[in-house]
Amino acid sequence: MMDSSTLSNRSALSAQQSQPLTEQAELAAIAARMSPLVIVGMHRSGTSLTAALLQAIGVDVGQNLYLADGNNVKGYFEDVEFLEFQRQTLQACCDRDDPGWHDWGWTEHETLDPQKFAASIPQALELIAARQSITQFDHAIQSNNLNLELKKSASDSGERIDQNDRIAHQDHPDHLDKTNDSALTESLWGWKDPRTTLMLDFWHNLMPQARYLLVYRSPWDVADSILRLNSHIFSLHPDYALKAWHYYNRHLLDFYTRYPDKCVLVNINQTLRSPRQWLELLRSRLNVQVNPDMAIEKIKAVFDPKLFRSLDLSHPTVALISQIYPASVELFTKLDQVADIASGLDLNQLFKSDHKITSLEVNHTSDDRNQILKSALLLHLQLLQTQSTQRQTQTELTKLKQQAEIETKSPIQELVQLQELCDRQQQDLATFAQVHTDQATHIANLHHEITAMKTSKFWQLRQVWFKFKKAIGIKFD
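Here it is as structure tokens:
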């Protein structure tokens, strides 16, 4: 099946007058030879994690990447140039009067017009050529440095290198040898931006040799993740999250069905449980050559399970979504049926749930169901906000407790030490006072005894005797 955007793109390639024909044709020829690896999927579906894993095993996802923030602490791994290009293109091709989230290319009446993408072809071709040039240059530098190191090593071991050949090799514009040319063809670049999901045919027409890694996640996990962002638009319209999920994944499934030889379709949760299967698919289907054992170690270093939440099938919100918006479960089931790595979930459980809402399809109109869906997701949002508030409160209490312990621990210890010192001093003082009292009593007794002796007749006779001895010159003993 060839959609209208395909025909529009092809006619635009020959009709564009914004650049000289030769330059336009040259850029188109460059793009046609490119075979980048493009990471695609609905927002909050694990595409950032997938791009991080690919970068870890050697895929160049870009140098100028969108910065990490509180909503994605590990980073988005989105090439800013591709991101801004696709953001502007989608916004320009949506009906501005139709409510929705134009930044993602989704509106309530799905008014995105792919035929308008053709106006962006010249800019897209320049973007492709620039990225390919940067990748080739970086890889050429790395390969040439490696070659020089190998030649130096060979020279040091006694092998002769012709000086003239080396000078010619360095001065010639095609200075890479066959080894480097081979390595250069194996250099792999790509990009990640969820918006690419809505522009798959656009890019496929420009780069028919491109490869695509398509990632999907359950609608309830995506909705839960989006609502956790506390974004104003999704707080007002929480149902937008599920409807955008459905819109994006319809495009994903359609493209995969038409070009299965160009794509690998994986559920992110099961991929994380089966990394070796994922790596084998990259090798066999997308020609990404990696050492599995080394790649597994790098994946373990990148993936943090605490940052990737999933709702259990028994969660009330999952049951509500499955009953109020069954189209999401139906599409998720279709993705699972054709995926190279499916979710492995038993979705039949959803319709056996104790929370099943009976006769909803019969007794409620589409507008009623939309309102119920919105109300259900608002309840989930309130639950998330309550949990967030509780976590923040608990965090603050823990901090205050720790701070109080730190602030009171030192004075208490000092007070105890001072009290102990005071007690010792009081004890020493009491001992000293007792000794002083005893000594004073002893001195008083001695003084009394001396006084008594001085008044006695014996003392008086003794004093007369000493005076006599002194008078006659007798020495005292």
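Residue numbers (the numbering used here): 964 to 1440. Glycine is no exception: its CB is placed at the ideal position from the N, C-alpha and C atoms. Remember, predicted model here, so these are calculated numbers, not experimental data.
- In the structure shown, the three-state DSSP call for residue 1094 is helix.
- In this structure, the beta-carbon distance from residue 1168 to residue 1294 does not fall below 7 Å.
- Of the residues 1200, 1254, 1280, 1091, the one whose Cα lies closest to the Cα of residue 993 is 1091.
- Its chain contains 1011, 1014, 1015, 1018, 1024, 1028, 1155 as the residues whose beta carbon lies nearer than 7 Å to that of residue 1040, once the 5 sequence neighbours on both sides are disregarded; these appear in chain order.
- In the pairwise beta carbon analysis, the stretch 1170–1188 is classified as touching the stretch 1294–1313: at least three pairs are separated by under 8 Å.
- DSSP, reduced to helix, strand and coil, places residue 1230 within a strand of the structure shown.
- If you ignore the 5 residues before and after residue 1233, its C-beta comes within less than 8 Å of the C-beta of 1304, 1305, 1306, 1307, all in its own chain and listed in chain order.
- With fewer than 16 other CB atoms across the displayed protein chains lying within 10 angstroms of its CB, residue 1224 is exposed.
- Ranked by how close their Cα comes to the Cα of residue 1065, the residues 1256, 1210, 1035, 1034 have 1210 in first place.
- Contact between the stretch 1269–1287 and the stretch 1181–1189 is present, with at least three C-beta pairs closer than 8 Å.
- In the structure shown, the three-state DSSP call for residue 1275 is coil.
- A direct Cα-to-Cα measurement between residue 1056 and residue 1079 gives close to 6 Å.
- Scanning its chain for C-beta atoms nearer than 8 Å, with the 5 sequence neighbours on each side dropped, one finds around residue 1333 the residues 1202, in chain order.
- For residue 1053 and residue 1242, the gap between their C-alpha atoms comes out near 32 Å.
- Apart from the 5 residues on each side of it in sequence, residue 1342 has no Cβ closer than 7 Å to any other Cβ in its chain.
- Look at residue 1284 here: in three-state DSSP terms it is helix.
- Here the alpha carbons of residue 1158 and residue 1152 stand approximately 18 Å from one another.
- Following the DSSP letters along the chain, one finds residue 1155 inside the beta strand (DSSP E) bounded by residues 1153–1155.
- With contacts defined by Cβ atoms closer than 7 Å, residue 1020 and residue 1258 form a contacting pair.
- Listed in chain order, the alpha helix (DSSP H) elements of length 4 or more contained wholly in the stretch 1166–1233 are 1182–1190, 1195–1199, 1202–1221.
- For a cut-off of 8 Å, the C-beta gap from residue 1287 to residue 1336 is around 5 Å, short enough to register as a contact.
- For residue 1002, the enclosing beta strand (DSSP E) stretches over residues 1000–1004.
- Leaving aside the five residues that flank residue 1094 on each side, the residues in its chain whose CB is nearer than 7 Å to its CB run, in chain order, 1152.
- Nearest Cα to residue 1192 within the set 1032, 1002, 990, 988: 1032.
- Counting along the chain, the unbroken alpha helix (DSSP H) around residue 1241 starts and ends at 1238–1249.
- Around the CB of residue 1042, 16 or more other CB atoms lie within 10 Å, so the residue is classed as buried.
- Taking C-alpha positions only, residue 1086 is separated from residue 1003 by approximately 20 Å.
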